[in-house]
Every structure is written in C-alpha cells, then in structure tokens.
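Trainee: Sequence order for the protein chains is A and B.
The numbering of the first sequence is my numbering, which starts it at 27 and goes up by one.
The numbering of the second sequence is my numbering, which starts it at 27 and goes up by one.
Just so it is clear, CB atoms sit at the ideal spot from N, CA and C, and this is done for glycine as well.
Quick caveat: nothing in here was measured; it's all calculated off a predicted structure.
Sharing a structure below in structure tokens format, with a few things to ask.
There are 2 protein chains.
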Amino acid sequence: MGDNQRMPDDPWLTDEQQQVWRAFLRMSGQLNECIERDMQQTGGMPHAYYLILAMLSESPGRSLRMNQLADVVRSSQSRVSHAVSRLEESGWVRRVPAPGDRRGQLAELTEAGYERLLELAPGHAGVVRSTMFDPLSPEQLANIHDICATILEAMADRGFTSEYPPPASC
Amino acid sequence: MGDNQRMPDDPWLTDEQQQVWRAFLRMSGQLNECIERDMQQTGGMPHAYYLILAMLSESPGRSLRMNQLADVVRSSQSRVSHAVSRLEESGWVRRVPAPGDRRGQLAELTEAGYERLLELAPGHAGVVRSTMFDPLSPEQLANIHDICATILEAMADRGFTSEYPPPASC
Chain A
27 MGDNQRMPDD PWLTDEQQQV WRAFLRMSGQ LNECIERDMQ QTGGMPHAYY LILAMLSESP
87 GRSLRMNQLA DVVRSSQSRV SHAVSRLEES GWVRRVPAPG DRRGQLAELT EAGYERLLEL
147 APGHAGVVRS TMFDPLSPEQ LANIHDICAT ILEAMADRGF TSEYPPPASC
Chain B
27 MGDNQRMPDD PWLTDEQQQV WRAFLRMSGQ LNECIERDMQ QTGGMPHAYY LILAMLSESP
87 GRSLRMNQLA DVVRSSQSRV SHAVSRLEES GWVRRVPAPG DRRGQLAELT EAGYERLLEL
147 APGHAGVVRS TMFDPLSPEQ LANIHDICAT ILEAMADRGF TSEYPPPASC
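Here it is, written out as structure tokens:
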C-alpha cells in the first residue's frame, strides 16, 4: 500500500512503515507460536493460563480480584472467569470471597498452583530468553524497551487505559 | 523471576529482560486489541480475514494456493480454510481449481473482495499508523525494523521455517 506520493497527513503507511508492520506482525506471531506451543507441550495449558498463575504469585496474598486479574493479563472478565474455572479443576487456583465485599470474589493461587508455576517457570523463561533475548544486543534490548514504552505511553495518552474493553479512542 | 545472582548460562531472565518481556506482551497485546476491534467495527471481520484479502491482492492473479495462504498469514490450513469459507459466503473470495493440479485449490480474490479491501485499507492503515508509527521517531522506526529482523533471522537459523506448524526446535 506504500506510495512515495503520499501526503504527510494522509492515512497510508509509507513503504518503510509497511515493511516494519509486516515484520512486526510476523515476529510477534512467530514468537507467540513458540511460547504457546512450548507451554502447551510442557505445561499442558495455554500461555494465558500460565500468566494468570504468574500474576497471582506476584500479588499480595497470592490473590487478585477477578477484574484486577482480567486487567493484568489483558483479557475480558468472561475469558478470565473461564480460565480460572479450568485452573480450579486442576487444583491450582481457588475462588474465595473478597474480604469486606459480599459480592466480590478473589482468585487465589493454591500451594499446588505455586509449585506448578515453579516447575514451569525455568523452562518458560528459557524459551523466552532463547527466542527473544539471546539474539539481541544490549543496545537492541534497550531500544525495544524504549519502543514498547513509547507506544504504550502514546496509547495511554489517547485514552487506552488498563480497563477492558478499551475505549473507542485507543 | 529476575535475580542478580543468575549464572549467564541459566534459563532465567534478568530483571531487565523480564521488564522488557512484560512490556512487549502488553504493547503487542494492546496493539492487537486496537487493530482487531477497529477491523471488527469498521469491516465486520477479524484482522486475520483482512490480512487474507490483502495478501491475495498482492499475489499474481490475486490468488494463492491454500497452503501458501496459510503460510503468509501464519495460520493453520484448517483455520485458513474456515476463514476462506466465510469470505466466500460474503462473496469476497472464491475457490478455483489450481491449474495443472487436479487435487489443488486456489483461493482467489473476487472483484467485490478487492473493492472491499480498497474501502477498508485507508482506515486500517490510519489505525496502524496512529497507534504504532506516529509515536515513533525515525530512529525508533529503524530500530524496531532491525530488532524484528534480528529475532526473525535467529528463529529461521534455529529451524523456524515458514511451514505451519513450526518444528519443535523453534
């Protein structure tokens, strides 16, 4: 779709932007495939479920309200609720009443869930490291950090908050 | 999971890698949400379907074999076959026999599909540009291109080819 005749305020991508966009889609798609496939093979669960265990493990009391959990893993409450039900069946998470809120619920990591996370974490970190980080120089690592922060900041400025679903102006 | 005591050859992420990984997951997740939601709202289809139309439009004869199509959009043949069936129902794609291969099939963009793509392309490009590219400096644009190329090259070196599903060594 690129065209050297584009005006600066028109919506088209430049040739360079188009190339970067396609490369980014391919890189992030392949990276997700690697991570997803490894977690399914070694952990028998989607990467999104692993992230739920990890985020709970880092929270006070190893627990989060369902809406907070949906926020930190960037998912809808209905999808997180489904995932938590599956993780409950495995004995890795349980739902408990939220203190001081009769209608609220917390998802809480069980001791078995914490142990499962510790079993899976080194292998997962190894895949992330070898796929994404080993090839990058220290300068590239700093650059990608800077780029992610810049894009996230711009999204936040335009109203993309941590709520899900995001507002229309994102 | 970070720890300054990690050995260089252990599988753990450094604190910096962990921060970058989380930022990358959040950035790419939010970006996907923006693109997906915009395409659903304005085009009534998933971004993956739009990509199929775009990739066909850039191919000779505006057509691709089903396995080539699965490859360029990084999806499985069964998912692409389902998507092509839905796009056929909308009249935007048709299946035609592959010349010289009695069992092969091509997915071919119809004239209506091409027109639909042209209708959607400027809005889609505008969302990609405003979300990802407007915030980035020319230097950051060059850096992200370089980073994507480095990660993709390393994946290719380790056996992640364009086949789907990728080999176990990815």
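For A49 of chain A, decide whether its Cβ has a neighbour in chain B, counting only Cβ atoms nearer than 7 Å.
Mentor: Chain B contact via Cβ: present.
Trainee: Distance check for S156 of chain A and R184 of chain B, CA to CA, integer angstroms please.
Mentor: In a straight line, the C-alpha of R184 of chain B is about 10 Å away from that of S156 of chain A.
Trainee: What does L178 of chain B reach in chain A if we use C-beta pairs closer than 8 Å?
Mentor: Those within 8 Å of L178 of chain B in chain A are A49, R52, M53, Q56.
Trainee: Pick helix, strand or coil for V99 of chain B, following the three-state DSSP scheme.
Mentor: Residue state, collapsed to three classes: coil.
Trainee: Considering just the uninterrupted stretch of the beta strand (DSSP E) at D123 of chain A, what are its terminal residues?
Mentor: It should be pointed out that residue 123 of chain A corresponds to Pro in this sequence rather than to Asp. Its beta strand (DSSP E) spans residues 119-123.
Trainee: Which bits of chain A does A123 of chain B rub up against, with CB to CB less than 9 Å?
Mentor: For the record, residue 123 of chain B in the displayed sequence is Pro; it is not Ala. Neighbours of P123 of chain B on chain A: none; closest Cβ ~30 Å, over 9 Å.
Trainee: Less than 7 Å between C-beta atoms, sequence neighbours within five positions excluded: which residues of the same chain meet that for T68 of chain B?
Mentor: Hits under 7 Å: L146, G149.
Trainee: What is the rounded straight-line gap between the Cα of V46 of chain A and the Cα of N58 of chain B?
Mentor: Going by the C-alpha atoms only, they are around 15 Å apart.
Trainee: Going by other Cβ atoms of all chains shown within 10 Å of its Cβ, with 16 needed for buried, is M64 of chain A buried or exposed?
Mentor: The sequence as given places Asp at residue 64 of chain A; Met does not occur at that position. It counts as buried.
Trainee: Going along chain B, which residues have a C-beta under 8 Å from P161 of chain A?
Mentor: Neighbours of P161 of chain A on chain B, chain order: T176, I177, E179, A180.
Trainee: Whole-angstrom Cβ separation of V98 of chain B and M81 of chain B, contact assumed at under 8 Å?
Mentor: So it is a contact: roughly 5 Å between Cβ atoms.
Trainee: Taking 7 Å as the CB-CB limit, is H108 of chain A close to chain B?
Mentor: No, because no Cβ of chain B sits closer than 7 Å to the Cβ of H108 of chain A.
Trainee: Compare the C-beta of N93 of chain A with all C-beta atoms of chain B and state if any pair is closer than 7 Å.
Mentor: With 7 Å as the cut-off, N93 of chain A does not count as an interface residue toward chain B.
Trainee: Closest to V110 of chain B by CA distance: which of B:S102, B:S101, B:R120 is it?
Mentor: For the residues B:S102, B:S101, B:R120, the minimum Cα distance to V110 of chain B belongs to B:R120.
Trainee: Can you give me the C-alpha to C-alpha distance between S5 of chain B and Q66 of chain B, rounded to a whole angstrom?
Mentor: Nothing in the structure corresponds to residue 5 of chain B, since chain B is present only between 27 and 196.
Trainee: Measuring only the C-alpha atoms, how far is A175 of chain B from N169 of chain B?
Mentor: C-alpha separation (whole angstroms): 10 Å.
Trainee: Where H73 of chain B and G126 of chain A are concerned, what is the direct C-alpha to C-alpha distance, given to the nearest angstrom?
Mentor: Using only the alpha carbons, I get a separation of about 42 Å.
Trainee: Using C-beta distances below 8 Å, list every residue in its chain close to E165 of chain B, excluding the 5 sequence neighbours before and after it, in chain order.
Mentor: Closer than 8 Å at the Cβ level, and outside the excluded window around E165 of chain B, lies no residue.
Trainee: Give every residue of the same chain whose Cβ lies closer than 8 Å to the Cβ of E189 of chain B, excluding the five residues on either side of it in the sequence, and list them in chain order.
Mentor: With a pLDDT of only 49 at E189 of chain B, under 50, the local geometry of the prediction cannot be trusted, and the value read off the model is given with reservation. D97, listed in sequence order.
Trainee: What is the residue span of the alpha helix (DSSP H) that R63 of chain B lies within?
Mentor: Residues 41-69.
Trainee: I'd like to confirm the pairing. Which residues does DSSP put opposite S77 of chain A in its beta bridges?
Mentor: Rather than Ser, the amino acid found at residue 77 of chain A in this sequence is Leu. None; L77 of chain A has no bridge partner.
Trainee: Contact defined as beta carbons within less than 8 Å: I believe L132 of chain B pairs with S89 of chain B. What is the distance between those atoms, to the nearest angstrom?
Mentor: So it is a contact: roughly 4 Å between Cβ atoms.
Trainee: Near R32 of chain B, which residues of its chain fall below 7 Å by C-beta distance, leaving aside the five closest residues on each side in sequence?
Mentor: Confidence in R32 of chain B is poor, its pLDDT being 49 and thus under 50, which makes the residue's placement unreliable; the coordinate value appears in the next sentence. Answer for R32 of chain B: W38, T40, listed in chain order.
Trainee: Using DSSP with H/G/I as helix, E/B as strand and the rest coil, what is R88 of chain B?
Mentor: R88 of chain B: helix per DSSP, three-state reduction.
Trainee: Just the C-alpha distance for A124 of chain A and A49 of chain B, rounded to the nearest angstrom, thanks.
Mentor: Distance between the alpha carbons of A124 of chain A and A49 of chain B: 29 Å.
Trainee: Three-state secondary structure (DSSP) at L162 of chain A?
Mentor: The answer is coil: DSSP assigns L162 of chain A none of H, G, I, E or B.
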